[in-house]
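Undergrad: Protein chains in written order, with my numbering: chain A, 671 to 773; chain B, 671 to 773.
2 protein chains.
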Amino acid sequence: MELYEPDMAAVPVTTVLSALGDDARLAIVRELHRDGERCCGTFDLGLAKATRSHHLKVLREAGITHTRIEGTSRFVSLRRDEIERRYPGLLDAVLGVKQGTAH
Amino acid sequence: MELYEPDMAAVPVTTVLSALGDDARLAIVRELHRDGERCCGTFDLGLAKATRSHHLKVLREAGITHTRIEGTSRFVSLRRDEIERRYPGLLDAVLGVKQGTAH
DNA sequence: ACTCATGTTCGACAAACTTCGAACATCCTC
DNA sequence: GAGGATGTTCGAAGTTTGTCGAACATGAGT
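(1) Using a Cβ-Cβ cut-off of 8 Å (strictly less than) and excluding sequence neighbours within five positions of Glu-701 of chain B, which residues of its own chain qualify?
(2) So Glu-754 of chain B and Leu-761 of chain B are in contact, right, with Cβ under 8 Å, and what is the actual spacing, rounded?
(3) What is the rounded straight-line gap between the Cα of Pro-758 of chain A and the Cα of Lys-719 of chain B?
(4) Roughly how many whole angstroms lie between the Cα atoms of His-703 of chain A and Gly-741 of chain B?
(5) Give the residues of chain B in contact with Pro-676 of chain A, contact being defined as C-beta atoms less than 8 Å apart.
(6) Please tell me whether Gly-716 of chain A has its Cβ less than 8 Å away from any Cβ of chain B.
(7) Between Ala-763 of chain A and Ala-763 of chain B, how many whole angstroms is the CB-CB distance? I'm expecting something under 8 Å.
(8) Strictly below 7 Å CB to CB, what residues from chain B border Ala-763 of chain A?
(9) Within 10 Å of its beta-carbon, does Gly-691 of chain B have 16 or more other beta-carbons around it, so buried, or fewer, so exposed?
(10) Count the other CB atoms, across all protein chains shown, that sit within 10 Å of the CB of Ala-820 of chain B; report buried if there are 16 or more and exposed otherwise.
(11) Using a beta-carbon distance below 8 Å, is Asp-751 of chain A in contact with chain B?
(12) So Val-767 of chain A packs on Arg-749 of chain B, CB below 8 Å; how close in whole Å?
(13) Taking DSSP as the reference, what is the three-state secondary structure of Ala-742 of chain B?
Shown next, in the form of structure tokens:
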């Protein structure tokens, strides 16, 4: 079984931005950025697993993540290079921010 | 009369990304990026003026645009410096992309 | 083969978003 | 002040999104 992972260049910018514009999904991206590859079940978002699965699908179909299947587990990682090639500086700009930093 | 324009640092990242993750609003941002200050009515988005007003409000409340009132007109501009200070490289990353460029 | 663990998909629901026309507010000009 | 121009606000309608439990699919291990 193969998972659909589009070419970044084929994904509209607005799709990428919408995908990142959600607290749960951005939290996932932050963890991937910090830890590298992560198994699906290790994201503790306080959400049902169906919901987590949904968010991971949104990220994957936006071209942001790669999913490697191994047994019954799926290992998710950021497609850093491809993102950086198409949107240079985007990840740094988005992730390099401490939330709620008023000043 | 004064318009509400929040401090960028007080706006969640996801709010900014959601604001940019819409075709109509990103089109507005592109035009502002290209032309500088623009009068509200000069955006031809193929949308009713009520809808245009809504999108401009979303951008303004996300801290992305500044609105200057002059008579019955409102002149909108990008808050470039503030965006750049809080999200270095974000605007360039988002706007420096030709849409649909499949390679 | 049965069971357990890991995820996905389906159907449903509520909340949020986009869109519009109509009504309103405000300012400018005659 | 009447009329026109520029925008905003107010419902309302339709769509999309986020969320969940239940059912399903798949692989590992006993």
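Even glycine gets a Cβ: it sits at the ideal position worked out from N, Cα and C.
TA: Based on what the coordinates show:
(1) Arg-708, Phe-713
(2) 7 Å
(3) For the pair Pro-758 of chain A and Lys-719 of chain B, the Cα-to-Cα distance works out to about 34 Å.
(4) 48 Å
(5) Under the 8 Å cutoff, chain B gives no residues; its nearest Cβ is about 10 Å from Pro-676 of chain A.
(6) For Gly-716 of chain A, no Cβ of chain B is located within less than 8 Å of the residue's own Cβ.
(7) In this structure, Ala-763 of chain A and Ala-763 of chain B form a Cβ contact; the two beta carbons are roughly 6 Å apart against a cut-off of 8 Å.
(8) Tyr-757, Pro-758, Gly-759, Leu-760, Ala-763
(9) Label assigned to Gly-691 of chain B: buried.
(10) With chain B represented from 671 up to 773, any question about residue 820 of chain B goes unanswered, as that position is not in the structure.
(11) no
(12) Contact flag wrong, Cβ pair sits at about 16 Å.
(13) It should be noted that the sequence gives Thr, not Ala, for residue 742 of chain B. Coil.
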